[in-house]
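S.K.: Below: one structure in structure tokens.
In my numbering, the protein residues as written are 115 to 458.
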């Protein structure tokens, strides 16, 4: 499966608000589809958490929509429900559908790449934990409902073991046949786990609070930020490589893109261009002000009226500083001397 940071390539691009509710996403590459739910409770002022929810074997997204919508509202999280290729999950087409559903879900909505989690019911729940642990997929958390047991030999991602929350009803055959084996597996692998076991519920039923609490659990998880900036054509690394700087823009015709780094950056400052390598738009500095006021500073100067969002990330702590300029406004200088409280 494609890495999540590569799939959701336009996370920081500014987007106008998306209307809440359900939307079908057709996945032309595989002939499948996904249903996306944007909750009315979602804070669209910044990147949003997202849950990929996988239906049970022989089913489809439709029977789960009412339950998932309520849980997404409770957690303030976007939900995406892909449709499997066959009765179950696990084909290469399924992996492609999941990746493309995620990419398409982020085309008009800003998604936080560190808060993309997986969940599912029955076989979908097993597919969720297999994706999270058997691939380096960078999912932030797992929520399974009535999932069967499948062996996981090792956690594939050396940097992170996504926490898992498991729901079972005591009348579910999978509770008797799988719960204890999964607990032993997570303990052996060092995967953080918790459970919600409800008396008298069966394989396909649960209290509303269980699904709500599962989605809230996922919304609270975050994949760790990398402790070091990796430079690229669109990522500027400053202050010893600790701080990553990225810019996204949208022009007056609605075209969006990423700012490109001008070659030859200094240790603490650099430049970006939007429309051509000879047309520089934005100067950024990340300065060590610890000796002055105990903070790392962010200064910027721009020569543009184009809508843009500048995000500076402390790759050691994951903290971010974000600066937005609306369309039509001459971008003001930024002198943020309280940007990061990151001093020893």
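Just so it is clear, CB atoms sit at the ideal spot from N, CA and C, and this is done for glycine as well. Small disclaimer: the values here were computed from a predicted structure and weren't measured.
#1: Any idea if residue 238 is buried or exposed, counting beta-carbon neighbours within 10 angstroms, 16 or more meaning buried?
#2: Please say whether residue 135 and residue 157 have beta carbons closer to each other than 8 Å?
#3: Is it right to say residue 335 is buried, meaning 16 or more other beta carbons lie within 10 angstroms of its own, or is it exposed?
#4: Tell me, which residues are paired with residue 351 by DSSP?
#5: Grab me the residues of residue 407's own chain with a C-beta within less than 7 Å of its C-beta, minus the 5 sequence neighbours each way, in chain order.
#6: Report the residue from 428, 438, 226 and 410 whose alpha carbon sits nearest the alpha carbon of residue 254.
#7: Quick check: residue 210 and residue 144, are their CB atoms within less than 8 Å of each other?
#8: If you draw a straight line from the alpha carbon of residue 271 to that of residue 247, how long is it in whole angstroms?
#9: With a threshold of 6 Å on Cβ separation, who are the neighbours of residue 137 within its own chain once the five nearest residues in sequence on each side are excluded?
#10: Excluding five sequence neighbours on each side, which residues of the same chain lie with their C-beta closer than 7 Å to the C-beta of residue 382?
#11: CB residue 194 to CB residue 233, shorter than 8 Å?
#12: Starting from residue 234, follow the beta strand (DSSP E) in both directions and report where the run begins and ends.
#13: Thinking C-alpha only, which one of 445, 456 and 421 is nearest residue 405?
#14: Let me confirm a value: residue 125 is counted as buried when at least 16 other C-beta atoms fall within 10 Å, else exposed. Which label applies?
#15: Return the chain-ordered list of same chain residues with a C-beta closer than 7 Å to the C-beta of residue 287, the five sequence neighbours on each side being excluded.
#16: One question on the structure: do residue 215 and residue 141 come within less than 8 Å of each other, judged by their Cβ atoms?
#17: Check whether the Cβ atoms of residue 331 and residue 241 lie closer than 8 Å to each other.
#18: Leaving out the 5 sequence neighbours to the left and right, which residues in its chain are closer than 6 Å to residue 296 when beta-carbon positions are compared?
#19: Out of curiosity, what's the CA-to-CA distance linking residue 385 and residue 442?
#20: Could you tell me the distance, in whole angstroms, from the CA atom of residue 174 to the CA atom of residue 146?
#21: Measuring straight from C-alpha to C-alpha, what distance separates residue 416 and residue 362?
#22: In its own chain, which residues sit with a C-beta less than 6 Å from the C-beta of residue 166, not counting the 5 before and 5 after it?
#23: In the DSSP output, what is residue 196 paired with across the bridge?
#24: Taking Cβ to Cβ, would you say residue 291 is nearer than 8 Å to residue 320?
M.R.: Considering the structure as presented:
#1: Taking the first residue of the chain shown as position 1, residue 238 is located at position 124. Residue 238 counts as buried, since at least 16 other C-beta atoms from the protein chains shown sit within 10 angstroms of its C-beta.
#2: Here the question's residue 157 lines up with position 43 in the chain shown. Here the question's residue 135 lines up with position 21 in the chain shown. Cβ distance not < 8 Å, so residue 157 and residue 135 don't count as in contact.
#3: Within the chain shown, residue 335 is the residue found at index 221, counting from 1. Buried, since its Cβ has 16 or more Cβ neighbours within 10 Å.
#4: Taking the first residue of the chain shown as 1, we reach residue 351 at position 237. Checking the DSSP bridge columns, you'll see residue 351 partnered with 358.
#5: Counting from one through the chain shown, the residue named residue 407 turns up at place 293. Answer for residue 407: 451, listed in chain order.
#6: Within the chain shown, the letter at position 140 stands for residue 254. Nearest C-alpha to residue 254: 226.
#7: For this step, residue 210 is matched to residue 96 along the chain shown. For this step, residue 144 is matched to residue 30 along the chain shown. Closer than 8 Å, so yes.
#8: Translated into the one-based positions of the chain shown, residue 271 becomes position 157. Translated into the one-based positions of the chain shown, residue 247 becomes position 133. Their backbone Cα atoms lie some 7 Å apart in a straight line.
#9: Along the chain shown, read from residue 1 onward, the residue named residue 137 stands at position 23. Closer than 6 Å at Cβ, skipping near neighbours: 150.
#10: For the purposes of this step, residue 382 is taken as the residue at position 268 of the chain shown. Here the set comprises 352, 353, 399, 400 and 401.
#11: Within the chain shown, residue 194 is the residue found at index 80, counting from 1. Within the chain shown, residue 233 is the residue found at index 119, counting from 1. No, these two residues do not count as a Cβ contact at 8 Å.
#12: Residue mapping note: residue 234 aligns to position 120 of the chain shown, counting from 1. Run containing residue 234: 225 to 235, per the beta strand (DSSP E) assignment.
#13: Taking the first residue of the chain shown as position 1, residue 405 is located at position 291. The residue with the shortest Cα to Cα distance from residue 405 is 456.
#14: Numbered from its first residue, the chain shown carries residue 125 at position 11. Residue confidence for residue 125 is low, a pLDDT of 47 falling below 50, so the modelled location carries little weight; the figure read from the coordinates is stated next. Buried.
#15: Walking along the chain shown from the start, residue 287 turns up at place 173. Counting only Cβ-Cβ distances below 7 Å, and skipping sequence neighbours, we find 317.
#16: By 1-based counting over the chain shown, the position of residue 215 is 101. By 1-based counting over the chain shown, the position of residue 141 is 27. By the CB criterion at 8 Å, residue 215 and residue 141 fall inside the cutoff.
#17: Locating residue 331 in the chain shown gives position 217, where the first residue counts as 1. Locating residue 241 in the chain shown gives position 127, where the first residue counts as 1. Contact flag unset, no.
#18: On the chain shown, position 182 is the one that residue 296 refers to. The residues are 263.
#19: To locate residue 385, count along the chain shown from 1; it is residue 271. To locate residue 442, count along the chain shown from 1; it is residue 328. Going by the C-alpha atoms only, they are around 21 Å apart.
#20: As a working note, residue 174 is residue 60 in the chain shown. As a working note, residue 146 is residue 32 in the chain shown. Approximately 11 Å between the Cα atoms of the pair.
#21: As a first step, residue 416 must be located in the chain shown, where it is residue number 302. As a first step, residue 362 must be located in the chain shown, where it is residue number 248. If you take the alpha carbons of residue 416 and residue 362, they lie about 14 Å apart.
#22: On the chain shown, position 52 is the one that residue 166 refers to. The residues are 194 and 232.
#23: As a first step, residue 196 must be located in the chain shown, where it is residue number 82. BP columns for residue 196 point to 148.
#24: In the chain shown, the residue the question calls residue 291 occupies position 177. In the chain shown, the residue the question calls residue 320 occupies position 206. No.
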